[in-house]
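Participant:
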Amino acid sequence: AQSVAQPEDQVNVAEGNPLTVKCTYSVSGNPYLFWYVQYPNRGLQFLLKYITGDNLVKGSYGFEAEFNKSQTSFHLKKPSALVSDSALYFCAVRDRNSGNTPLVFGKGTRLSVIA
Amino acid sequence: GAVVSQHPSRVICKSGTSVKIECRSLDFQATTMFWYRQFPKQSLMLMATSNEGSKATYEQGVEKDKFLINHASLTLSTLTVTSAHPEDSSFYICSASNTYEAGGYTFGSGTRLTVV
Chain A
22 AQSVAQPEDQ VNVAEGNPLT VKCTYSVSGN PYLFWYVQYP NRGLQFLLKY ITGDNLVKGS
82 YGFEAEFNKS QTSFHLKKPS ALVSDSALYF CAVRDRNSGN TPLVFGKGTR LSVIA
Chain B
170 GAVVSQHPSR VICKSGTSVK IECRSLDFQA TTMFWYRQFP KQSLMLMATS NEGSKATYEQ
230 GVEKDKFLIN HASLTLSTLT VTSAHPEDSS FYICSASNTY EAGGYTFGSG TRLTVV
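Order-wise, the sequence lines are chains A and B. Its first residue numbered 22, the first sequence is counted upward by one per residue in the working numbering. Its first residue numbered 170, the second sequence is counted upward by one per residue in the working numbering.
So, in structure tokens, the structure goes:
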């Protein structure tokens, strides 16, 4: 079975400071890993994904994430937070060899960037 | 890039009526569509998986007679909430699997359903 854990319900950070949103995962094989952002009453907006290759993935809006196989983690990071980054962030996983199956989502982490 | 158009974005209906939500893949063929439901401040919960031309596969606890899913073409999937009740009020999101891209999933913009 696949699962995702986002241990923090809420992350608060001051504008201009670096931010980290944590994610750990569990799959039986090798993972596809994703980060999405959701603004109120909106669908999911893709930020980045890890498929294979370089463990450091760079995505939209200055976000990046590092795949760490030994720690089964895929934490989302940004060097300098903006107030506009305040939103709900979801980590998701799928087993690479599971065929055309749906993503499994974490419970989400609400990021609040304070001016 | 791949786009999934979901309509309506918001709908308010009376108890007992039915509501249809459409998801269209605009520039790719969506052989598989996933339907999710999201309660306030919660994560996305998979409701069902539909493959073009075949019956949808529902997750445990999801009433197939209440949430009718049709995927008659490679570019259109619909979710109909039948005999809606206030407890069906939620945010519904579709996601199409884009097989042209490794790990390619494209999400619709979501539908806020309010049953009064």
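All C-beta atoms, glycine included, are put in the ideal place defined by N, C-alpha and C.
Is it true that the CB of V42 (chain A) sits closer than 9 Å to the CB of V130 (chain A)?
Facilitator: With the sequence shown as reference, residue 130 (chain A) is identified as Thr, and Val is not the correct amino acid for it. A contact, by the Cβ cut-off of 9 Å.
Participant: Quick one: give me the first and last residue of the beta strand (DSSP E) that A26 (chain A) is part of.
Facilitator: It spans 24-26 - the beta strand (DSSP E) in which A26 (chain A) sits, taken as one unbroken run.
Participant: Quick check: is the beta carbon of I181 (chain B) nearer than 9 Å to any beta carbon in chain A?
Facilitator: No, its Cβ sits nowhere closer than 9 Å to a Cβ of chain A.
Participant: Between F67 (chain A) and chain B, is there a C-beta pair that is closer than 9 Å?
Facilitator: At least one chain B Cβ lies under 9 Å of F67 (chain A).
Participant: With 16 other CB atoms within 10 Å as the buried threshold, where does Y60 (chain A) fall?
Facilitator: With fewer than 16 Cβ atoms within 10 Å of its Cβ, Y60 (chain A) is classed as exposed.
Participant: Closest Cβ-Cβ distance between L237 (chain B) and chain A: below 9 Å?
Facilitator: Judged by the 9 Å Cβ criterion, L237 (chain B) is not in contact with chain A.
Participant: If we cut at 9 Å on Cβ distances, does K210 (chain B) have a partner in chain A?
Facilitator: Closer than 9 Å to some Cβ of chain A, the Cβ of K210 (chain B) qualifies, so yes.
Participant: Ignore the nearest five residues each way along the sequence and tell me which others in V58 (chain A)'s own chain have a CB closer than 6 Å to its CB.
Facilitator: Q66, L68, A108, Y110.
Participant: Output yes or no for whether 9 Å exceeds the beta carbon distance between N38 (chain A) and A102 (chain A).
Facilitator: Yes, these two residues count as a Cβ contact at 9 Å.
Participant: Inspect the beta-carbon positions of T247 (chain B) and S194 (chain B) and report whether they are closer than 9 Å.
Facilitator: Cβ atoms of T247 (chain B) and S194 (chain B): not closer than 9 Å.
Participant: Whole angstroms is fine: what's the gap from F208 (chain B)'s alpha carbon to M214 (chain B)'s?
Facilitator: C-alpha separation (whole angstroms): 9 Å.
Participant: Just to confirm the assignment: which complete beta strand (DSSP E) runs, minimum length 3, are found wholly within the stretch 52-129 of chain A?
Facilitator: As far as the stretch 52-129 of chain A is concerned, its whole beta strand (DSSP E) runs of at least 3 residues are 52-59, 65-71, 77-79, 85-89, 94-99, 108-116.
Participant: DSSP on E191 (chain B), reduced to helix/strand/coil?
Facilitator: Three-state DSSP puts E191 (chain B) in a strand.
Participant: Are N62 (chain A) and F260 (chain B) close, meaning C-beta to C-beta below 9 Å?
Facilitator: Yes, the pair counts as a contact, with Cβ atoms nearer than the cut-off.
Participant: When you compare only the Cα positions, how much space is there between H191 (chain B) and C263 (chain B)?
Facilitator: In the sequence under discussion, the amino acid at residue 191 (chain B) is Glu, which differs from the His named in the question. When rounded, the distance between both Cα atoms is 9 Å.
Participant: Between B:K235, B:S212, B:K183, B:S219, which lies nearest to A199 (chain B) when the distance is taken from Cα to Cα?
Facilitator: Out of B:K235, B:S212, B:K183, B:S219, B:S219 has the C-alpha closest to the C-alpha of A199 (chain B).
Participant: Would you mind telling me which residues of chain B sit closer than 9 Å to P123 (chain A), beta carbon to beta carbon, in chain order?
Facilitator: The contacting residues are T201, F203, Y205, L215, T218, S264, S266, Y274.
Participant: Between which residues of its own chain and S49 (chain A) is the CB-CB distance below 7 Å, once the five residues before and five after are set aside?
Facilitator: Only D116 meet the Cβ criterion.
Participant: Can you give me the start and stop residues for the beta strand (DSSP E) that T244 (chain B) sits inside?
Facilitator: First-last for T244 (chain B): undefined, no H or E at that position.
Participant: Is the separation between the beta-carbon of A171 (chain B) and that of F197 (chain B) shorter than 9 Å?
Facilitator: Yes, Cβ-Cβ distance for A171 (chain B) and F197 (chain B) is below 9 Å.
Participant: Can you tell me whether I238 (chain B) is buried or exposed, with buried defined as 16 or more other CB within 10 angstroms of its CB?
Facilitator: Classification of I238 (chain B): buried, given that the 10 Å Cβ count is 16 or more.
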